[in-house]
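These protein sequence lines are chains G and X, in that order.
For the first sequence, the numbering used here begins at 2 and goes up steadily by one.
For the second sequence, the numbering used here begins at 410 and goes up steadily by one.
Built from N, CA and C at the ideal position, the CB exists for glycine as well.
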Amino acid sequence: KAGVTQTPRYLIKTRGQQVTLSCSPISGHRSVSWYQQTPGQGLQFLFEYFSETQRNKGNFPGRFSGRQFSNSRSEMNVSTLELGDSALYLCASSLYGPTSEQETQYFGPGTRLLVL
Amino acid sequence: GQNIDQPTEMTATEGAIVQINCTYQTSGFNGLFWYQQHAGEAPTFLSYNVLDGLEEKGRFSSFLSRSKGYSYLLLKELQMKDSASYLCAVRVDSNYQLIWGAGTKLIIKP
Numbered sequence: 002k003a004g005v006t007q008t009p010r011y012l013i014k015t016r017g018q019q020v021t022l023s024c025s026p027i028s029g030h031r032s033v034s035w036y037q038q039t040p041g042q043g044l045q046f047l048f049e050y051f052s053e054t055q056r057n058k059g060n061f062p063g064r065f066s067g068r069q070f071s072n073s074r075s076e077m078n079v080s081t082l083e084l085g086d087s088a089l090y091l092c093a094s095s096l097y098g099p100t101s102e103q104e105t106q107y108f109g110p111g112t113r114l115l116v117l
Numbered sequence: 410g411q412n413i414d415q416p417t418e419m420t421a422t423e424g425a426i427v428q429i430n431c432t433y434q435t436s437g438f439n440g441l442f443w444y445q446q447h448a449g450e451a452p453t454f455l456s457y458n459v460l461d462g463l464e465e466k467g468r469f470s471s472f473l474s475r476s477k478g479y480s481y482l483l484l485k486e487l488q489m490k491d492s493a494s495y496l497c498a499v500r501v502d503s504n505y506q507l508i509w510g511a512g513t514k515l516i517i518k519p
């Protein structure tokens, strides 16, 4: 079974621009979560989507938005980029269910974003 | 608020045993996860605890005490490839949101 894929893997943007990141979950997984990771920081939760609906949202400004499509693929958008947005953005998918295996999140390789 | 504490960095010797602790203070509890993350790579799932006690998986074991808000990851027969960051995460509510610790960087020395 193919893993979680994210595109692009690397991205360089300048301040004020916007960016869209894509995530394709493991086949059959319906939940997709997005995280921001910066050096020395834990994973910071951005939002989670399930069946095309945003189910949870972290404490990030409105410049960060996302969506999920009917095939469970998800996109994340960041508008008006700031230098502090430079980070590794990770996407994780899970089945969504009561057992431990179904609740486990499987991560993609991430998109490394550099804002100049 | 939600808080998860892990040591920032630990050093151990190849072949030895190391215990990485995680304490949490959260508004609820619905399971605790341990993930391994090698530098520059994505986190990978190691273990899951929702009931008190020890879960063993080969060289890795994870323990949970819900009354103490405490978990540890035990790594035996350490190998150089175990050098990585180990992340503790708690699922805090029925919405399945995970709260993550900052991670423990484990350095293995020959």
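Cβ-based neighbour list, Glu53 of chain G, same chain, cut-off 6 Å, excluding 5 preceding and 5 following: The answer, listed in chain order, is Gln69.
Status (buried if at least 16 other CB within 10 Å, exposed otherwise) for Tyr11 of chain G: That one is exposed.
Under 9 Å by beta carbon: chain X residues contacting Pro110 of chain G: Glu450, Ala451, listed in chain order.
Beta-carbon proximity check, Gln19 of chain G vs Thr81 of chain G, cutoff 8 Å: Thr81 of chain G is positioned such that its CB atom lies closer than 8 Å to that of Gln19 of chain G.
Contacts around Tyr479 of chain X, its chain only, beta-carbon distance under 6 Å, and the 5 residues preceding and following it disregarded: Residues of the same chain with a CB within less than 6 Å of the CB of Tyr479 of chain X, apart from the 5 flanking positions on each side, are Thr432 in chain order.
Helix, strand or coil at Lys477 of chain X according to DSSP, with G and I counted as helix: For Lys477 of chain X, the three-state secondary structure derived from DSSP is coil.
Close Cβ partners of His447 of chain X (< 6 Å) along its chain, the five nearest in sequence each way excluded: Result list for His447 of chain X: Ala493, in chain order.
Enclosing beta strand (DSSP E) for Met118 of chain G [first to last residue]: Nothing in the structure corresponds to residue 118 of chain G, since chain G is present only between 2 and 117.
Coil, strand or helix - Leu463 of chain X by DSSP: Three-state DSSP puts Leu463 of chain X in a strand.
Through-space distance from Gly59 of chain G to Leu96 of chain G, alpha-carbon basis: Distance between Leu96 of chain G and Gly59 of chain G, taken at the CA atoms: about 20 Å.
Coarse secondary structure for Asp414 of chain X, derived from DSSP in three states: In the structure shown, Asp414 of chain X sits in a strand (DSSP, three-state: E or B).
Contacting residues, own chain, Cβ-Cβ under 8 Å from Val427 of chain X (five flanking each side not counted): Result list for Val427 of chain X: Met419, Ala421, Leu483, Leu484, Leu487, Leu515, in chain order.
Chain G contact for Phe454 of chain X (CB, 8 Å cutoff): Yes - at least one Cβ of chain G is within 8 Å of the one on Phe454 of chain X.
Per-residue contacts from Trp509 of chain X into chain G (C-beta, under 7 Å): Neighbourhood of Trp509 of chain X in chain G, by CB distance below 7 Å: Gly43, Leu44, in chain order.
Contact set between the region 50-78 of chain G and chain X, restricted to residues whose Cβ is under 7 Å from the partner: Using a CB distance below 7 Å, the part of the region 50-78 of chain G facing chain X consists of Arg56, Asn57, ordered along the chain.
Three-state secondary structure assigned by DSSP to Gly29 of chain G: Three-state result, Gly29 of chain G: coil.
Closest by C-alpha distance to Ser30 of chain G, when choosing among G:Ala88, G:Arg113, G:Tyr107, G:Leu117: Reading off the sequence, residue 30 of chain G comes out as His, not Ser. Of the candidates G:Ala88, G:Arg113, G:Tyr107, G:Leu117, the one whose C-alpha sits nearest the C-alpha of His30 of chain G is G:Tyr107.
Of the residues G:Arg74, G:Tyr36, G:Thr21, G:Ser75, the one placed nearest Phe61 of chain G, counting alpha carbons only: Of G:Arg74, G:Tyr36, G:Thr21, G:Ser75, the residue nearest in Cα terms is G:Tyr36.
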